[in-house]
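Engineer: Residue numbers (this note's numbering), protein chains in the order written: chain A, 238 to 517; chain B, 844 to 1126. Think of the CB as a built atom: it goes at the ideal place given N, C-alpha and C, for glycine as much as any other residue.
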Amino acid sequence: MLLPALAFFGYFLVYPILFNIYVSFFDWSGLGPVTNFVGLRNYERLLTDHNLRRALFNTFLWVVGMVTVPVALGMAIALMVDGVRGEVFFKSIFFLPYTISFVAIGVMWKWMYYPDYGVVNSILRHLGLGGLARAWLGIPRVNSFAMMAALAWLLTGFAMVIFLAGLRSIPTEIIEAATLDGLSGWKLFRHILFPLLTPFTTLVGAMVLLNTLKVFDVIYVMTGGGPFFSSETIAVTMYRETFLTFRFGYGAAIANFLFVLVVICTIFAIRQGFKREVKY
Amino acid sequence: MAVPVAGQAAVARRVVLHLVLIVLALLWMLPVYALVLTALKSNSQVIAKPFWSAPERIAIWENAQAAWKRGRMGEFFINSVIYASVSGVGAVFFASMAAFVVARLRLRAGNLLFYLFMLGTFFPFQMYLVPLVKMAHAGGWYNTREGLMLVYIAIAIPFAVFVMRNYFVTIPQDLFDSAVVDGLSTFQIYTKIFLPLAKPALAVGIIFQFVWIWNDFLFGLVLTSSPKARPVATGLAFLAGYYTLDWATLAAGTLIASLPTVLVYVLLQRYFVRGILAGAIKG
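In structure tokens:
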């Protein structure tokens, strides 16, 4: 009974990982046998590649942006919708983007940022702020932030759902006791809810962090990493080097590098989780 | 006097809270609203008039047809129906068998195997791309539906094992033991007792995998080269590359690609959210 699952697992998951490590020591164009052994050359290139360095920096920007804005916003929205009249309706609206594919999100936001008659620029011109209208996806650095808005739009709903589960997990007696002690509004949040939500904050933060390291689809659809590689992240650079430049060995090395980043961040996240574990 | 004032303050706060939520919700829906409105209009109106102008003529049917036929979204759509349903069900089926063994095995090996499967959710998909493309070319399944179907099953199995195993361990051991006394084989116990009991977990698993596979872009991108096998999200990305000036068609195509998962969410919200929470707890 184990056999089918193990067969899939071995053939499509274990073997590829091993092969990916193996092929990263070769110069290989993706065609023919893998014969040109180059040792650590692909990893040396990794250290000196300017495009990859920029991609690393962009990835860092994405991670910082995503573990802050959507997490905070998701928490705020969870606190606001929890128990409010029309809760189900509001929840559905904020969560809706999470059910749509990254590609559809990318197309949607490409339309938002379309330079000539797209949504954002049309609104700006209508409000007499035409001076602010610009080619959002065409300007280096600006384009990364513009695309982050799209991903934040999606992740906020995810964070909200987790925080709502977190709020449900807080025993009502604690909140009643705090209310009797005269705590309400900001103070209730600051001294009771926020500390009790910490495990969930860590959880959401960790998940968002690990997934944002690999951000790819939205960028591929919206800018393709351009112009001039300016909006590439590690995963986008990996794709370009492998499938557009046909450096399969180097692409494999970048993927392994990404894996190392994931491992480091996971260890970091687990340590944070243990440190901040709270008990009632 | 103090009490009514406090009451008024509470009412005022509730009104403000609702106002904030309504404004935020409206803002949140802007991208969706803009997209739907664009899909409703003819492309000439989209170009000539601002996006908020009401449709002069409802053109959504033409737009959807253009996306479906000329944009070939129809072919992508059918491919993904096959991938998401067949692979989703297949992965959960295989995973449930494995999870049953893992959960019921009284050996240490059970846990060890479980952690091995969990390890499968840990590696970035990027690490699979180069090997899978090579394997697909060598094995003759590059750009075939069968190939992609198998890859989706494989990628979906670890998380499905997780969901199923966590459900199976909640089923009392007595049930298993008494079935053994009754002379049922292990496989019979699985099909006749555990599988029917696990319906909620099966639903969570299948729905979660359906949505994931439906929304996948990356594997479709590197493992297909023509509409024959291309899944819907990948197809939409290509459409977005070609139809850069025909936003009406592109918007309709985006709606086509998004509708199934949105429907799944609306109709089966409970299961869907449970899957997400399960995923979060794993992470």
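Under a Cβ-count criterion, where at least 16 other Cβ atoms within 10 Å of its own Cβ denotes burial, should Lys424(A) be classed as buried or exposed?
Structural biologist: Sequence index remark: in the first sequence, residue 424(A) carries index 187 (1-based). When all chains shown are included, Lys424(A) counts as exposed.
Engineer: Taking a contact to mean a Cβ-Cβ separation below 7 Å, would you say Ile1000(B) touches Ser930(B) in this structure?
Structural biologist: For this step, residue 1000(B) is matched to residue 157 along the second sequence. For this step, residue 930(B) is matched to residue 87 along the second sequence. No. Outside cutoff.
Engineer: Hey, Phe1060(B) and Asp454(A): beta-carbon distance below 7 Å or not?
Structural biologist: Mapped onto the second sequence, residue 1060(B) falls at position 217. Mapped onto the first sequence, residue 454(A) falls at position 217. Yes, the Cβ-Cβ distance between Phe1060(B) and Asp454(A) is below 7 Å.
Engineer: What does the alpha-carbon distance come out to for the pair Ala383(A) and Leu1038(B)?
Structural biologist: For this step, residue 383(A) is matched to residue 146 along the first sequence. For this step, residue 1038(B) is matched to residue 195 along the second sequence. Rounded to the nearest angstrom, the two C-alpha atoms are 47 Å apart.
Engineer: Anyone know if the C-beta pair for Asp264(A) and Asn273(A) falls short of 7 Å?
Structural biologist: Translated into positions along the first sequence, residue 264(A) becomes position 27. Translated into positions along the first sequence, residue 273(A) becomes position 36. Closer than 7 Å, so yes.
Engineer: May I have a chain-ordered list of the alpha helix (DSSP H) segments no shorter than 4 residues that lie completely inside the stretch 1007-1038 of chain B?
Structural biologist: Within the stretch 1007-1038 of chain B, the complete alpha helix (DSSP H) runs of at least 4 residues are 1016-1024.
Engineer: Considering only residues of the same chain and omitting the five flanking positions on each side of Ile1036(B), which have a CB-CB separation below 7 Å?
Structural biologist: In the second sequence, counting from the first residue as 1, residue 1036(B) sits at position 193. Cβ neighbours of Ile1036(B) beyond the five flanking positions: Leu1018 and Ala1022.
Engineer: At a CB-CB cut-off below 7 Å, which residues of chain B make contact with Ser266(A)?
Structural biologist: On the first sequence, position 29 is the one that residue 266(A) refers to. By Cβ distance, chain B contributes nothing, its closest Cβ being about 11 Å from Ser266(A), past 7 Å.
Engineer: Under 8 Å by Cβ, that's how I've got Thr393(A) and Gly311(A) pegged, so tell me the actual separation to the nearest angstrom.
Structural biologist: Taking the first sequence and counting its residues from 1, one reaches residue 393(A) at position 156. Taking the first sequence and counting its residues from 1, one reaches residue 311(A) at position 74. Indeed they touch by this definition, with Cβ atoms about 5 Å apart.
Engineer: Inspect the CB distances between the stretch 880-890 of chain B and the stretch 1091-1109 of chain B and report whether three or more fall short of 8 Å.
Structural biologist: With a cut-off of 8 Å, the stretch 1091-1109 of chain B and the stretch 880-890 of chain B count as touching, because enough Cβ pairs lie within range.
Engineer: Go through its chain and collect everything with a Cβ distance to Leu289(A)'s Cβ below 8 Å, but skip five positions before and after it.
Structural biologist: Taking the first residue of the first sequence as 1, we reach residue 289(A) at position 52. The answer, listed in chain order, is Leu283, Ile471, Thr474 and Ile491.
Engineer: Which residues, in chain order, does the stretch 873-904 of chain B contribute to contact with chain A at a C-beta distance below 8 Å?
Structural biologist: Answer set for the stretch 873-904 of chain B: Leu873, Pro874, Val875, Ala877, Leu878, Thr881, Val889, Ile890, Pro893, Phe894 and Trp895.
Engineer: Relative to chain A, which residues along the stretch 1032-1052 of chain B have a C-beta separation below 8 Å, given in chain order?
Structural biologist: Cβ contacts with chain A come from Tyr1033.
Engineer: Measuring straight from C-alpha to C-alpha, what distance separates Gly422(A) and Arg1008(B)?
Structural biologist: For the purposes of this step, residue 422(A) is taken as residue 185 along the first sequence, with counting starting at 1. For the purposes of this step, residue 1008(B) is taken as residue 165 along the second sequence, with counting starting at 1. Answer to the nearest angstrom: the Cα atoms are 42 Å apart.
Engineer: Quick check on DSSP: helix, strand or coil for Met274(A)?
Structural biologist: Taking the first sequence and counting its residues from 1, one reaches residue 274(A) at position 37. Looking at the sequence shown, residue 274(A) is not Met but Phe. Strand, per DSSP.
Engineer: Under 7 Å Cβ to Cβ from Gly990(B), same chain only, skipping five residues before and after it: list those, please.
Structural biologist: Against the second sequence, residue 990(B) aligns to sequence position 147. Result list for Gly990(B): Ala979, Trp984 and Leu1066, in chain order.
Engineer: List the DSSP bridge partners of Phe263(A).
Structural biologist: For this step, residue 263(A) is matched to residue 26 along the first sequence. DSSP lists Phe274(A) as partners of Phe263(A).
Engineer: Assign Glu521(A) to one of two classes, buried (16 or more other C-beta atoms within 10 Å of its C-beta) or exposed (fewer than that).
Structural biologist: A question about residue 521(A) goes unanswered here, because the residues of chain A that appear run from 238 up to 517.
Engineer: Hey, Ala942(B) and Phe1011(B): beta-carbon distance below 7 Å or not?
Structural biologist: Taking the second sequence and counting its residues from 1, one reaches residue 942(B) at position 99. Taking the second sequence and counting its residues from 1, one reaches residue 1011(B) at position 168. Yes, the pair counts as a contact, with Cβ atoms nearer than the cut-off.
Engineer: Roughly how many whole angstroms lie between the Cα atoms of Tyr354(A) and Leu862(B)?
Structural biologist: Within the first sequence, residue 354(A) is the residue found at index 117, counting from 1. Within the second sequence, residue 862(B) is the residue found at index 19, counting from 1. Each residue's Cα considered, the two are about 30 Å apart.
Engineer: Please identify the residue among Glu324(A), Phe485(A), Leu447(A) and Phe465(A) whose C-alpha is closest to the C-alpha of Pro967(B).
Structural biologist: Looking up residue 967(B) in the second sequence gives position 124. Among Glu324(A), Phe485(A), Leu447(A) and Phe465(A), the Cα nearest to that of Pro967(B) belongs to Leu447(A).
Engineer: Starting from the beta carbon of Val398(A), find every residue of chain B whose beta carbon is closer than 8 Å, and list them in chain order.
Structural biologist: Reading the first sequence from its first residue, position 161 is the one you call residue 398(A). Those are Val1116, Ile1119 and Leu1120, listed as they occur along chain B.
Engineer: Can you list the residues of chain B that Ser468(A) reaches, using a CB-CB cut of under 9 Å?
Structural biologist: As a position in the first sequence, residue 468(A) is number 231, starting the count at 1. Correct list: empty, because the minimum Cβ distance to chain B is about 16 Å.
Engineer: By how many angstroms is the C-alpha of Glu281(A) removed from the C-alpha of Ile925(B)?
Structural biologist: Counted from its first residue, the second sequence places residue 925(B) at position 82. Counted from its first residue, the first sequence places residue 281(A) at position 44. If I take the Cα positions, the gap works out to 43 Å.
Engineer: Counting Cβ pairs, one atom from each stretch, are 3 or more of them under 8 Å apart for the stretch 360-368 of chain A and the stretch 341-352 of chain A?
Structural biologist: Not touching, per the Cβ criterion.
Engineer: Could you tell me if Ala852(B) is buried or exposed, where buried requires 16 or more neighbouring beta carbons within 10 angstroms of its beta carbon?
Structural biologist: One-based indexing of the second sequence puts residue 852(B) at position 9. By the neighbour-count rule (16 or more Cβ atoms within 10 Å), Ala852(B) is not buried but exposed.
Engineer: On the criterion of 16 or more Cβ atoms from any shown chain inside 10 Å, does Tyr1085(B) qualify as buried, or is it exposed?
Structural biologist: Taking the first residue of the second sequence as 1, we reach residue 1085(B) at position 242. Per the 10 Å Cβ criterion, exposed.
Engineer: Would you mind telling me which residues of chain B sit closer than 9 Å to Val458(A), beta carbon to beta carbon, in chain order?
Structural biologist: Numbered from 1 along the first sequence, position 221 holds the residue referred to as residue 458(A). What Val458(A) touches in chain B: Phe1060, Leu1079, Ala1080, Ala1083 and Gly1084.
Engineer: In chain B, which residues lie less than 9 Å from Trp542(A) when you measure between Cβ atoms?
Structural biologist: As displayed, chain A neither begins before 238 nor continues past 517, which places residue 542(A) out of reach and without an answer.
Engineer: Output needed for Leu1130(B): all residues of its chain with C-beta closer than 7 Å, excluding positions within five of it in sequence on either side, in chain order.
Structural biologist: With chain B covering only 844 through 1126, there is no way to say anything about residue 1130(B).
Engineer: Between which two residues does the alpha helix (DSSP H) carrying Arg405(A) extend?
Structural biologist: Position 168 of the first sequence, counted from the start, is the residue given in the question as residue 405(A). Segment Val379 to Ser406, the alpha helix (DSSP H) holding Arg405(A).
Engineer: Please list, in chain order, all residues of the same chain as Arg857(B) whose beta carbon is under 8 Å from its beta carbon, the five residues on each side excluded.
Structural biologist: Within the second sequence, numbered from 1, the residue matching residue 857(B) stands at position 14. Closer than 8 Å at Cβ, skipping near neighbours: no residue.
Engineer: Using DSSP with H/G/I as helix, E/B as strand and the rest coil, what is Ile901(B)?
Structural biologist: In the second sequence, counting from the first residue as 1, residue 901(B) sits at position 58. In this structure, Ile901(B) counts as coil in the three-state DSSP scheme.
Engineer: At 4 residues or longer, what runs of the alpha helix (DSSP H) sit wholly inside the stretch 425-501 of chain A?
Structural biologist: 431-449, 454-459 and 471-476, all fully within the stretch 425-501 of chain A.
Engineer: Can you tell me the Cα-Cα spacing of Phe339(A) and Asn279(A), whole angstroms?
Structural biologist: On the first sequence, residue 339(A) is found 102 positions in, with the first residue counted as 1. On the first sequence, residue 279(A) is found 42 positions in, with the first residue counted as 1. Roughly 31 Å between the two C-alpha positions.
Engineer: So which residues on chain B does Val340(A) lean against when the C-beta distance must stay under 8 Å?
Structural biologist: Taking the first sequence and counting its residues from 1, the one referred to as residue 340(A) is at position 103. Within 8 Å Cβ-Cβ: Asn1058, Phe1060, Ala1076, Thr1077, Leu1079, Ala1080, Ala1083 and Ala1100.
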